[in-house]
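The listed protein sequences correspond, in order, to chains A and B.
The opening residue of the first sequence carries number 98 in this note's numbering; numbering runs sequentially from there.
The opening residue of the second sequence carries number 1054 in this note's numbering; numbering runs sequentially from there.
Glycine is no exception: its CB is placed at the ideal position from the N, C-alpha and C atoms.
A quick note: this is a predicted structure, and the numbers were derived from the prediction, not measured.
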Amino acid sequence: MVLKNRAKYAYFFITPFFLAYITFTLFPILYSFYLSFTELDPLGGTIKFVKFNNYIRLFTSGFFLQSFLNTLAIWIISIVPQLTLAMVLSLLLQAKWIRGRRLFRSIFYFPNLVTPVTIGVLFGMLFSHPGGAINNILLMLNLTKEAVHFENSPILSRMVIGLAICWQNFGYNILFFTAGLNSISSTIYEAAEIDGANAWQKATKITLPLMRPILIYVMITSVIGGLQMFDVSKMVFTDVPGDRTTTMVQYMYESAFERWQISFGASVSYGIFLIIAVLSLLSYRVVSGNPAPRLHKHQTIGGGN
Amino acid sequence: MEQTNLVLHDRNRLKEHSIATILFRKYSVRLVGMLFLLTVAASAFFPFYTMLISSSHDNYAIMNTVTLVPGTSFLRNYARLTENLNIWRGFRNSAFIATVSTTLNLYITALTAYAFSKFSFKGKSFLFGIILFSIMIPGQVGTIGFYKQMSDMKLINSYLPLILPHMANCFGVFFFRQYLNATLPDEIIEASLMDGCKELTIFHWVVLPMMVPALVTQGVLAFIGNWNSYLMPLIIIREGRKMTLPVLIATVKSANVADFGAQYVGILISVIPLLVIFSFASNMLMDKITAGDALKG
Chain A
98 MVLKNRAKYA
108 YFFITPFFLA
118 YITFTLFPIL
128 YSFYLSFTEL
138 DPLGGTIKFV
148 KFNNYIRLFT
158 SGFFLQSFLN
168 TLAIWIISIV
178 PQLTLAMVLS
188 LLLQAKWIRG
198 RRLFRSIFYF
208 PNLVTPVTIG
218 VLFGMLFSHP
228 GGAINNILLM
238 LNLTKEAVHF
248 ENSPILSRMV
258 IGLAICWQNF
268 GYNILFFTAG
278 LNSISSTIYE
288 AAEIDGANAW
298 QKATKITLPL
308 MRPILIYVMI
318 TSVIGGLQMF
328 DVSKMVFTDV
338 PGDRTTTMVQ
348 YMYESAFERW
358 QISFGASVSY
368 GIFLIIAVLS
378 LLSYRVVSGN
388 PAPRLHKHQT
398 IGGGN
Chain B
1054 MEQTNLVLHD
1064 RNRLKEHSIA
1074 TILFRKYSVR
1084 LVGMLFLLTV
1094 AASAFFPFYT
1104 MLISSSHDNY
1114 AIMNTVTLVP
1124 GTSFLRNYAR
1134 LTENLNIWRG
1144 FRNSAFIATV
1154 STTLNLYITA
1164 LTAYAFSKFS
1174 FKGKSFLFGI
1184 ILFSIMIPGQ
1194 VGTIGFYKQM
1204 SDMKLINSYL
1214 PLILPHMANC
1224 FGVFFFRQYL
1234 NATLPDEIIE
1244 ASLMDGCKEL
1254 TIFHWVVLPM
1264 MVPALVTQGV
1274 LAFIGNWNSY
1284 LMPLIIIREG
1294 RKMTLPVLIA
1304 TVKSANVADF
1314 GAQYVGILIS
1324 VIPLLVIFSF
1334 ASNMLMDKIT
1344 AGDALKG
């Protein structure tokens, strides 16, 4: 009885949240959309409506396409070793004979908490030319005759950035994979053992299919987060020939806040949004569309809220 | 069929081997596994180690040799760094912004989550749907609009645009609602109401104390996320003395051109607070993820 008529308090409690949400989340998104159809004079502050001009420039100039290809290349270079390493290590850390499990997981996870800007600057210094720590080691071991100029090569500089991002995130993925592995009931393994399955068969026929929901979650968050890369990729190198490491968000930042074409920057942000939406759906299809058996159909992520 | 054949084959093979061979295989697998783990752990630690060691060497040693043990130039490097870059002011600015916005974030978010968890009201599922949907929206979409809006409101160079938006943390509401659904029985609220407590009093003295574990984990993560953020402070703060630590760290290269020693000290200073937080919150943070809070749905 006393619980009746409490609704007004609920509205009172959620009001600050939704006020902030409308002002600082929803409005900026819509305002960006509006701005992307205008031309803004940064000095005079006058706004002129220019229809699709910004989008036509976005998709025909080639710079946005290049930044997309750069982002995709760096993302692939980082995501493949990142997920492979995370999967192998989380399987290995499940083994009964491993000592110091938590310590290992902590060491692998810590880079994920470090300021991304710091990671970028640090990797830029390690791989700098001349005098970077990596070059000093390569020279000491006689692996190269002269110092490698990582920054000067589009491929090498992308690889260094990919390595930095992989280093930053693989430990975080281990935590997710571990959660997935722990959620698989041990009775399934026991049944398989009784049937005589070996370790490889258990991994490929039980673990991987049952891990699919986690894989979907990790893939989609990696697409959404990874394609917005900015901090690390911006900091590692500053002078790569042909700007081959300029990512999409960096292109947005430079358009809006270095060249002060704010409206064009807004159209870049919607271009990025479109690409991320398409690629998330695509990766969802790829990871979930495999015809391998699914033992737990009800086991989906984020379902049943 | 194929699988059974494989299994039989495997069993026959096992019979052929002596106990010694089986033991040898078992321990060599363990040895390789352990070596692999140690190699990855060493590689993961390598960048930190280099940073730590290099920060105490002079530029000649950093540039020309492989340094493995600490040197004696730390204080000189530190002096040159602080001459060019007021890193501690950035440190204080970041600490201030992160503390205030995390506190505000936790309070508002917990209040909202409580309403979604323990009240029934019109439009509840629709509003909660909006919150869930927002978690998936890439953050950069609103960046330009946010900047223009703040510049229209004359809030460039103010800390308000870096603090107030954190009141609307959609993931936080989702996380706290899950926590309250699982841990706070309706009976406690009912009993408090019978005793004549006011609604806000119940939230402050019954609900919040019960949420402490969730508040701490979410708080630490929110604090770190805020402490690390770069793009927003970069576009909002244009005045040097108001800049946050990441923005200053981003300029460490240009402020100390070709001065590796000073640069290493700079990034070392930016890692230390995270290391301190991690050293006593690591298990809690990892448990938050491994318990599958984000996955239970």
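- In the three-state DSSP reduction, residue 287 of chain A falls in the helix class (H, G or I).
- Judged by DSSP in its simplified three-state form, residue 243 of chain A adopts coil rather than helix or strand.
- Put simply, the stretch 1195–1202 of chain B touches the stretch 111–129 of chain A. At least three CB pairs are less than 8 Å apart.
- Taking all protein chains shown into account, residue 1307 of chain B has fewer than 16 neighbouring C-beta atoms within 10 Å of its C-beta and is therefore exposed.
- Only residues of its own chain outside the window of five on either side were considered, and among them 209 have a CB closer than 6 Å to the CB of residue 269 of chain A, listed in chain order.
- Residue 1094 of chain B reaches chain A at 201, 204, 205, counting residues in chain order whose Cβ is nearer than 8 Å.
- Assigned with DSSP and collapsed to three states, residue 135 of chain A falls in strand.
- Selection B:1135, B:1148, B:1106 evaluated against residue 1327 of chain B yields B:1148 as nearest (Cα-Cα).
- Contact between the stretch 176–189 of chain A and the stretch 1303–1321 of chain B is absent: fewer than 3 CB-CB pairs across the two stretches fall below 8 Å.
- Contact between residue 1158 of chain B and residue 1334 of chain B is ruled out by a C-beta separation of about 17 Å, above the 8 Å threshold.
- For the stretch 1303–1316 of chain B, the set of positions with a beta-carbon nearer than 7 Å to some beta-carbon of chain A reads 1303, 1305, 1306, 1313, 1316 in chain order.
- Taking a cut-off of 8 Å for Cβ pairs, the stretch 148–160 of chain A and the stretch 357–367 of chain A touch, as three or more such pairs fall below it.
- In the three-state DSSP reduction, residue 146 of chain A falls in the strand class (E or B).
- Look at the stretch 116–129 of chain A: the residues with a C-beta under 9 Å from a C-beta of chain B are 116, 117, 118, 119, 120, 121, 122, 123, 124, 125, 126, 127, 128, 129.
- According to the DSSP assignment, residue 353 of chain A belongs to the alpha helix (DSSP H) that extends over 345–354.
- The Cβ atoms of residue 109 of chain A and residue 1226 of chain B lie no closer than 9 Å to each other.
- Annotation for residue 264 of chain A: 208 place their beta carbon closer than 7 Å to its own, counting only its chain and skipping 5 residues before and after.
- A contact is defined here as three or more CB-CB pairs under 8 Å, and the stretch 216–223 of chain A meets this definition with respect to the stretch 1097–1110 of chain B.
- A Cβ of chain B is located within less than 9 Å of the beta carbon of residue 108 of chain A.
- In the three-state DSSP reduction, residue 1110 of chain B falls in the coil class, being neither helix nor strand.
- Taking every protein chain shown into account, the CB of residue 1136 of chain B has fewer than 16 other CB atoms within 10 angstroms, so this residue is exposed.
- The beta carbon of residue 1161 of chain B sits closer than 6 Å to those of 1220, all from its chain and outside the five residues before and after it, given in chain order.
- Around residue 1283 of chain B, the same chain offers 1299, 1300, 1303 as residues with beta carbons nearer than 8 Å, after the five sequence neighbours per side are excluded.
- Annotation for residue 1115 of chain B: 1107, 1313, 1314, 1317 place their beta carbon closer than 8 Å to its own, counting only its chain and skipping 5 residues before and after.
- Within chain A, the residues placing a beta-carbon under 7 Å from that of residue 1281 of chain B are 212, 213, ordered along the chain.
- If you draw a straight line from the Cα of residue 195 of chain A to the Cα of residue 1167 of chain B, it is about 42 Å long.
- If you compare the alpha carbons of B:1218, B:1187, B:1201, B:1118 with that of residue 227 of chain A, the shortest gap goes to B:1118.
- Comparing alpha-carbon positions, the option among A:104, A:111, A:106 lying closest to residue 1223 of chain B turns out to be A:111.
- If you draw a straight line from the Cα of residue 1165 of chain B to the Cα of residue 1126 of chain B, it comes to about 52 Å.
- Listed along the chain, the chain A residues whose CB falls inside 7 Å of the CB of residue 1324 of chain B are 211, 215.
- In this chain, the alpha helix (DSSP H) harbouring residue 264 of chain A covers 251–280.
- In the three-state reduction of the DSSP assignment, residue 1175 of chain B falls in the coil class, being assigned neither a helical nor a strand state.
- Residue 1180 of chain B has a beta carbon lying within less than 9 Å of a beta carbon in chain A.
- Within chain A, the C-beta atoms nearer than 7 Å to that of residue 1165 of chain B come from 110, 111, 114, in chain order.
- For the stretch 1072–1090 of chain B, the residues whose beta carbon sits under 8 Å from a beta carbon of chain A are, in order, 1083, 1086, 1087, 1089, 1090.
- Here residue 346 of chain A is not near residue 1281 of chain B, since their CB atoms are 9 Å or more apart.
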